[in-house]
Every structure is written in C-alpha cells, then in structure tokens.
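Structure, as structure tokens:
Residue numbers (UniProt numbering): 1 to 379.
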C-alpha cells in the first residue's frame with residue numbers, strides 16, 4: 001500500500017510525486033502553467049514568506065511558485081503528463097526523488113554544451129537561424145574543451161559535473177584560456193552567421209574584440225548556473241575551469257611577487273559578487289530555454305554600438321531575424337505571453353552590457369596592480 005505524504009508546497013495530502021517531488025496535483029498544475037506561459041509573480045506582501053494553504057483559493061502566487069522552485073520542482077515539457085511513473089510511487093524518500101541520472105537527463109535536455117553538436121539535425125526547421133546559433137555555440141564549446149586540455153592540470157579541487165571534469169582555475173592558466181575565448185567567438189560568428197563569415201578578417205577581429213566581454217559574461221554565467229545551481233559565486237573563466245570566492249587564495253598563489261595579493265583578492269571578490277548580482281541572478285529568474293538562450297547569444301553578438309553604418313545595418317537585419325524566429329518558437333510552444341518573455345531577455349542583455357563595461361574598467365585597475373599586464377580584456 002502506498003503511504004500517504006504531504007505536498008511539500010501546500011501540505012495537502014499526496015500519494016505521488018509530480019515534477020520530481022512529493023506534491024499535490026494542484027500545485028504541480030500551477031507550476032506547469034506558470035512555466036509554459038513564461039509568467040512571473042511577485043509576493044503580495046513583499047516579504048516572500050506567505051503561507052500556502054491548500055484550502056485557500058487566493059494564495060500568494062509569487063510565494064507559491066518560489067516554494068515550488070526551492071523544494072526542487074522541475075517541469076520537463078517532453079514528459080508533460082502528470083500521471084506518476086512507477087518509480088515515483090516506489091522511490092520517494094523524504095519527499096524527494098533520489099535519481100540523479102534521471103534528473104540530469106531532464107535538465108540537460110534544455111542545455112546547450114559540447115554534446116549538442118552531435119545531435120544537430122540539418123532538417124527542415126521553422127527556426128533555422130536559432131538552430132545554427134545553437135550548433136555554432138556547441139562547436140565553440142567542443143573546440144574549447146579540446147584546446148583547454150593542454151593548459152589544465154589535476155588538483156584536489158577537480159570535480160566532475162555531469163559529463164565534464166572541471167579544474168580549479170589558476171593565475172597562470174587564465175590568460176591562455178581566455179585567448180581561446182577570443183578565438184571561439186570568431187569561430188562562433190563564422191559558423192552561425194553567413195553575414196559575419198563574409199566580412200574581412202580585420203573587421204571580424206575588431207568586431208569580435210568589442211563584443212567579447214559581454215558575450216563571455218552571458219555564456220560563462222549560463223554554464224556556471226547549470227553546473228553550480230546552488231552556488232551563485234562560482235565563476236567559469238574557461239570551459240573546463242572554475243573558481244569561487246572561497247578558492248581565491250589558491251587561484252592567485254602563483255602571482256608575481258610585485259602583485260599586492262591581499263588587495264587583488266579583495267577586488268577580485270567584488271568583481272565576482274557584482275557578476276552574480278547583475279547577470280547570474282537575473283539569468284536564474286529568466287531560466288531561458290535552448291532557443292531563448294540561442295537568441296540571447298545572437299543578440300549579444302550583434303549588439304555593437306560602435307560599428308560603422310554598414311555593419312550596423314547587417315547587425316540589425318540579423319537581430320530582426322532572431323526575434324522573428326523567437327516569435328515562431330513561442331507560437332509553436334503555445335506560449336501566449338511572448339512579449340513579457342522577450343522583454344525579460346532584453347533586460348538580461350542590458351545587464352550583461354552594463355556588467356561588461358564595469359568588468360573592462362576593473363581590468364584596467366588590475367593592470368595598474370601589475371596583474372594581467374598582457375590583459376585578456378582588450379589587448
């Protein structure tokens with residue numbers, strides 16, 4: 001006989017799990033509808049701690065949705081039936097499903113990485129440009145994965161996340177690995193956009209240099225969020241290298257003797273904290289799908305205010321097509337409130353641009369501190 005439990009969101013009686021946790025059908029349906037519609041809610045009281053009562057038809061939707069997220073509810077649109085699987089009836093432990101492999105399969109279905117390239121299908125598509133962007137980004141990831149191997153070395157801080165081994169970053173590896181990012185963004189442009197591929201080499205290099213910091217802020221935070229969902233102050237400075245504020249002493253222990261390490265580490269922590277506030281947290285709220293993230297990458301790539309008139313016209317045409325295909329995607333997914341979703345994507349992009357400006361200013365200061373003299377920000 002199946003033992004009755006309580007919904008982790010509203011405490012209503014529940015026999016089964018929905019979307020990965022013990023929950024009642026009502027809360028599961030509410031979570032699904034909110035995700036599919038792309039809606040967001042704010043707390044009515046403004047404090048974020050409203051009680052969710054199963055007998056109250058007017059519960060605070062902001063707190064209800066937030067609680068769904070906090071207890072680990074994950075909606076998989078590819079498996080959208082609320083009928084509980086047999087494993088969910090049997091393997092409920094303390095209200096949470098204990099099956100990491102299945103959880104990873106579900107989460108990875110909406111994530112673009114170096115493996116996406118191998119699943120790329122050149123078939124008829126209603127969003128061919130977004131598909132090319134996803135493919136181009138995956139190739140960029142695959143190239144970086146291969147090339148970074150010659151710079152990293154094993155340490156006690158190495159960790160395995162999903163299908164990758166991640167290495168703790170070091171001062172000596174930051175410059176060469178960031179050079180790979182520069183190469184990668186040009187490769188991404190060539191693969192994803194025929195307009196960019198047709199440009200002269202010098203124009204490409206100058207354009208990619210200007211877009212580098214913003215593009216890096218976006219895509220590295222995207223990967224950090226996926227690999228370290230519970231640690232906002234973890235930064236991916238390479239495709240396979242990471243660091244946190246707690247590791248900063250080990251990261252910079254190989255600095256030159258003339259570097260003021262205490263001051264450097266303090267400033268570095270401020271940079272990471274700001275990145276978390278300006279980019280990581282908004283990205284968590286948006287939770288972009290693969291198509292939305294592809295659109296973000298494309299918009300971040302072409303959003304160059306310093307381009308000449310000809311290149312600006314090219315960029316505007318590319319951005320128009322990206323948004324057009326995003327509308328097609330929303331229509332196919334029956335997402336009605338697409339204007340709100342697109343608005344949030346643009347707000348995130350603005351944050352990335354503002355953060356990029358501040359990061360470039362920070363690295364000017366780091367150079368004055370004799371750090372990164374051959375700066376990996378705009379040499």
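Ideal placement from N, C-alpha and C gives every residue a C-beta, glycine not left out.
This structure is a prediction, so every number in the text was calculated from the model and none was measured.
Local conformation of residue i per DSSP, three classes
| i | result |
| --- | --- |
| residue 229 | coil |
| residue 161 | strand |
| residue 327 | helix |
| residue 83 | At residue 83 the pLDDT is 45, less than 50, meaning the model places this residue with poor confidence; the figure from the coordinates comes in the next sentence. If DSSP states are grouped into helix, strand and coil, residue 83 belongs with coil. |
| residue 276 | helix |
| residue 188 | helix |
| residue 112 | coil |
| residue 176 | helix |
| residue 282 | helix |
| residue 55 | coil |
| residue 396 | Nothing can be reported for residue 396: it is not among the residues displayed for the chain, which extend from 1 to 379. |
| residue 125 | coil |
| residue 236 | strand |
| residue 170 | coil |
| residue 194 | helix |
| residue 243 | strand |
| residue 314 | helix |
| residue 22 | strand |
| residue 153 | coil |
| residue 6 | strand |
| residue 359 | helix |
Member of the options whose CA lies at the smallest distance from the CA of residue i
| i | options | result |
| --- | --- | --- |
| residue 299 | 316, 355 and 288 | 316 |
| residue 321 | 157, 129 and 236 | 129 |
| residue 350 | 262, 217 and 312 | 217 |
| residue 138 | 297, 368 and 318 | 297 |
| residue 180 | 167, 197, 199 and 149 | 149 |
| residue 45 | 64, 28 and 343 | 64 |
| residue 35 | 227, 366, 236 and 286 | 286 |
| residue 26 | 236, 12 and 113 | 12 |
| residue 369 | 353, 343 and 260 | 260 |
| residue 249 | 238, 134, 269 and 236 | 269 |
| residue 60 | 73, 361 and 41 | 41 |
| residue 277 | 247, 233, 318 and 304 | 233 |
| residue 146 | 168, 67, 177 and 159 | 177 |
| residue 352 | 110, 157 and 280 | 280 |
| residue 327 | 357, 291, 142 and 304 | 291 |
| residue 159 | 117, 227 and 330 | 227 |
| residue 357 | 318, 305 and 342 | 305 |
| residue 43 | 56, 32, 62 and 33 | 62 |
| residue 126 | 355, 360 and 333 | 333 |
| residue 191 | 167, 165, 143 and 223 | 143 |
| residue 162 | 113, 134 and 318 | 113 |
| residue 111 | 223, 251 and 361 | 223 |
| residue 307 | 196, 255 and 262 | 196 |
| residue 355 | 225, 215 and 252 | 215 |
Residue i versus residue j - alpha carbon distance
| i | j | result |
| --- | --- | --- |
| residue 152 | residue 173 | 7 Å |
| residue 7 | residue 53 | 11 Å |
| residue 10 | residue 21 | 13 Å |
| residue 325 | residue 229 | 29 Å |
| residue 309 | residue 18 | 53 Å |
| residue 231 | residue 199 | 40 Å |
| residue 294 | residue 302 | 13 Å |
| residue 274 | residue 15 | 43 Å |
| residue 282 | residue 201 | 35 Å |
| residue 364 | residue 221 | 22 Å |
| residue 238 | residue 30 | 38 Å |
| residue 366 | residue 213 | 16 Å |
| residue 344 | residue 330 | 14 Å |
| residue 169 | residue 141 | 17 Å |
| residue 23 | residue 47 | 24 Å |
Residue-chain proximity (residue i, chain B), Cβ-Cβ < 8 Å
| i | result |
| --- | --- |
| residue 340 | This model lacks chain B altogether; it includes just one protein chain. |
Burial state of residue i, where buried means 16 or more other Cβ atoms lie within 10 Å
| i | result |
| --- | --- |
| residue 288 | buried |
| residue 257 | exposed |
| residue 266 | exposed |
| residue 211 | buried |
| residue 264 | buried |
| residue 347 | exposed |
| residue 58 | exposed |
| residue 66 | buried |
| residue 194 | exposed |
| residue 341 | buried |
| residue 33 | exposed |
| residue 38 | buried |
| residue 118 | exposed |
| residue 109 | Any answer about residue 109 is weak, because its pLDDT of 48 lies below 50 and its placement is not dependable; what the coordinates show is given next. It is exposed - the Cβ of residue 109 has fewer than 16 other Cβ atoms within 10 Å. |
| residue 251 | buried |
| residue 90 | Per-residue confidence for residue 90 stands at a pLDDT of 31, beneath the threshold of 50, marking its modelled position as unreliable; no derived number is given. |
| residue 185 | buried |
heavy atom of the ligand PLP below 7 Å from residue i C-beta
| i | result |
| --- | --- |
| residue 285 | Among the components modelled here there is no ligand, and therefore nothing to report on the ligand PLP. |
Would you check if the segment 204-212 and the segment 236-244 touch, i.e. whether three or more CB-CB distances between them fall below 8 Å?
Touching, no, given that fewer than three Cβ pairs across the two stretches are closer than 8 Å.
Count the CB pairs spanning the segment 320-337 and the segment 164-178 that are closer than 8 Å, and state whether there are at least three.
Of all C-beta pairs linking the segment 320-337 to the segment 164-178, fewer than three are shorter than 8 Å, placing the two stretches out of contact.
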